Structures are given as structure tokens and as C-alpha cells.
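Peer 1: Protein sequences, first through last, are from chains P and W. 53 is the number of the first residue of the first sequence in my numbering; add one for each residue after it. 69 is the number of the first residue of the second sequence in my numbering; add one for each residue after it.
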Amino acid sequence: GAVVSQHPSRVICKSGTSVKIECRSLDFQATTMFWYRQFPKQSLMLMATSNEGSKATYEQGVEKDKFLINHASLTLSTLTVTSAHPEDSSFYICSARVSGEAFFGQGTRLTVV
Amino acid sequence: GENVEQHPSTLSVQEGDSAVIKCTYSDSASNYFPWYKQELGKRPQLIIDIRSNVGEKKDQRIAVTLNKTAKHFSLHITETQPEDSAVYFCAAISSGGYQKVTFGIGTKLQVIP
């Protein structure tokens, strides 16, 4: 299957700082990538759809100025959590689809202290 | 938009017994229904999927059934083993737009040895 690589897998940052998470499609090109957030014992909630070369589409309730998404190439999408707060602590996962099937990155465990 | 409901939220079975997880969806345009297994802190892994032109699909101990009329689909795991213990998510994907994946809330399956 296709490989989606996400980095870093874990990050701890101080309140008020920004954190960048990278999502790469290693063996295919992805014009669209999806960013999810998963709180403990909860489902994956779609935050935004990242589109190569254009603006991301954000889900209702997700602050676009706080969660900056850049999809500058067909193999890389980045999510930057700006001015992070403890309530942003969560598991963030990216995904891309190939022939209908969704492939996920390893996920990033963000802890804001 | 699509709404996927999943139940039960937790399920405990004895090793060797069968486990059944059920999901319903709301969008009649959805035509692809994958099931994912997620172990703690790891990415979701596709275990089986079904498309709307098929009523049932089986892969060894795992099977999925789909009732398009009733808009529900189910995951069946037979001869459960301790390594089947994980959280399982159903999902529905529509054919239009960016083909967002809408996940169910998840079912925590515990297989008791």
C-alpha cells in the first residue's frame, strides 16, 4: 500500500509557541491530504482538507488562523499549531487517499505544557 | 453532511467467540465503507472495506455486510483472539467533493483470553 509519513511522532512545547507537523506521501502524489485530531478515547475528527496549490478547507469550528495548513507540493502538507495552549494537546493524524483507500501517517502526539 | 453512528462503544468477548460492530450512515451518496483497527497510540490500519455495489465481503476471520436500503453496515470478527483487542472505527465516504472520510465514534474491543 501507499506510505504516508508524518513527523514528528511526539512533541512537547510550551504554551504560546508554535509547532509544525509534516505529512509526506512517500511513493505517490497527493493533491489532497486530510488532517484529523483525536482526543483520548474519541474518534478521529476531520479538521481540514489540504489542497495542493490552494487554500485549505476547514471544518466548522476549526480556527484557520490557529491551525495553519500549507500544501506547497504534491508530496508535502504541513500543519502548524500557532500559539499553542494546553487544550490543543491531542493526537494529530494526516491522511491521503489512493484509489479510494485512505492511508494514515503515524500520528503526532502533541503535548502543550 | 455525513453522519456515522457506531455501536457498541465497548465490547468484551471471550477468546474464540464472535464480535459484531454495527454502523449506520446518513448520506445516501456514500459508496465506500472501510473499517479501521487502531491500537493505542498508533495510526488506524485498514482491515476490510466494502463498496456499495456489494452486499458482503469476507477476508479470513473478518467479514463486512452492507445494507444500502437501511444504510447500515456491520463488521463481524469470528474466532476472536487477544490480538484482536483494539479500537475499531467504521467510516463512510461519499463519491463527491473531496471524498471526506467520516468516522464512527469507535468501538473498543477487548478479547478476554
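Ideal Cβ placement from N, Cα and C applies to all residues, glycine included. None of the values given here were measured: they were computed from a predicted structure.
Please report the distance separating the alpha-carbon of M97(P) from that of G172(W).
Peer 2: As a working note, residue 97(P) is residue 45 in the first sequence. As a working note, residue 172(W) is residue 104 in the second sequence. So the two alpha carbons sit approximately 10 Å from each other.
Peer 1: If the criterion is Cβ atoms closer than 8 Å, does the pair K66(P) and V133(P) meet it?
Peer 2: Counted from its first residue, the first sequence places residue 66(P) at position 14. Counted from its first residue, the first sequence places residue 133(P) at position 81. Result no, Cβ atoms of K66(P) and V133(P) do not sit closer than 8 Å.
Peer 1: If I follow the unbroken beta strand (DSSP E) through E124(W), where does it start and stop?
Peer 2: In the second sequence, counting from the first residue as 1, residue 124(W) sits at position 56. That run of the beta strand (DSSP E) goes E124 to D127.
Peer 1: Interface residues of chain P around Y100(W) at Cβ under 8 Å?
Peer 2: Numbered from 1 along the second sequence, position 32 holds the residue referred to as residue 100(W). By Cβ distance, chain P contributes G152.
Peer 1: Compute the Euclidean distance between the alpha carbons of A136(P) and M99(P), then round it to the nearest angstrom.
Peer 2: Working through the first sequence from its first residue, we reach residue 136(P) at position 84. Working through the first sequence from its first residue, we reach residue 99(P) at position 47. So the two alpha carbons sit approximately 16 Å from each other.
Peer 1: Less than 8 Å between CB atoms is the rule here; does L98(P) satisfy it with respect to chain W?
Peer 2: Stepping through the first sequence from its first residue, residue 98(P) is reached at position 46. For L98(P), the answer is yes, since a Cβ of chain W falls inside 8 Å of its Cβ.
Peer 1: Less than 8 Å between the CB atoms is what I'm expecting for N122(P) and T130(P), so what's the real figure, rounded?
Peer 2: Position 70 of the first sequence, counted from the start, is the residue given in the question as residue 122(P). Position 78 of the first sequence, counted from the start, is the residue given in the question as residue 130(P). About 5 Å separates the two Cβ atoms, so the contact holds.
Peer 1: In this structure, how does DSSP classify E147(W) when only helix, strand and coil are distinguished?
Peer 2: Translated into the one-based positions of the second sequence, residue 147(W) becomes position 79. In this structure, E147(W) counts as coil in the three-state DSSP scheme.
Peer 1: What do you reckon, are the CB atoms on F141(W) and Q106(W) nearer than 8 Å?
Peer 2: Counting from one through the second sequence, the residue named residue 141(W) turns up at place 73. Counting from one through the second sequence, the residue named residue 106(W) turns up at place 38. No, these two residues do not count as a Cβ contact at 8 Å.
Peer 1: In the DSSP output, which residue or residues are listed as bridge partners for V55(P)?
Peer 2: For the purposes of this step, residue 55(P) is identified with residue 3 of the first sequence, where counting begins at 1. Answer is none; V55(P) lacks a bridge partner.
Peer 1: Can you confirm whether I180(W), when its beta carbon is compared against all beta carbons of chain P, has any partner nearer than 8 Å?
Peer 2: Mapped onto the second sequence, residue 180(W) falls at position 112. Output row for I180(W): interface = no.
Peer 1: Once you ignore the five residues that flank R161(P) on each side, which residues in its own chain have a CB closer than 6 Å to its CB?
Peer 2: Sequence index remark: in the first sequence, residue 161(P) carries index 109 (1-based). Counting only Cβ-Cβ distances below 6 Å, and skipping sequence neighbours, we find R62 and F143.
Peer 1: Taking the beta strand (DSSP E) that L98(P) falls in, what are its first and last residues?
Peer 2: Your numbering for residue 98(P) matches position 46 in the first sequence. Where L98(P) is concerned, the enclosing beta strand (DSSP E) stretches over M97 to N103.
Peer 1: Verify the CB distance criterion: does L177(W) have a CB-CB separation below 8 Å to chain P?
Peer 2: As a first step, residue 177(W) is located in the second sequence; it is residue number 109 there, counting from the start. Not one chain P Cβ lies under 8 Å of L177(W).
Peer 1: Determine, for T101(P), whether the minimum Cβ-Cβ distance to residues of chain W falls below 8 Å.
Peer 2: For this step, residue 101(P) is matched to residue 49 along the first sequence. T101(P) counts as touching chain W.
Peer 1: Is I145(P) close to chain W? Criterion is C-beta to C-beta, closer than 8 Å.
Peer 2: As a position in the first sequence, residue 145(P) is number 93, starting the count at 1. Chain W contact via Cβ: present.
Peer 1: Under DSSP, the beta strand (DSSP E) around L162(P) begins and ends at which residues?
Peer 2: In the first sequence, residue 162(P) corresponds to position 110, counting from 1. Start and end: T160 to V164.
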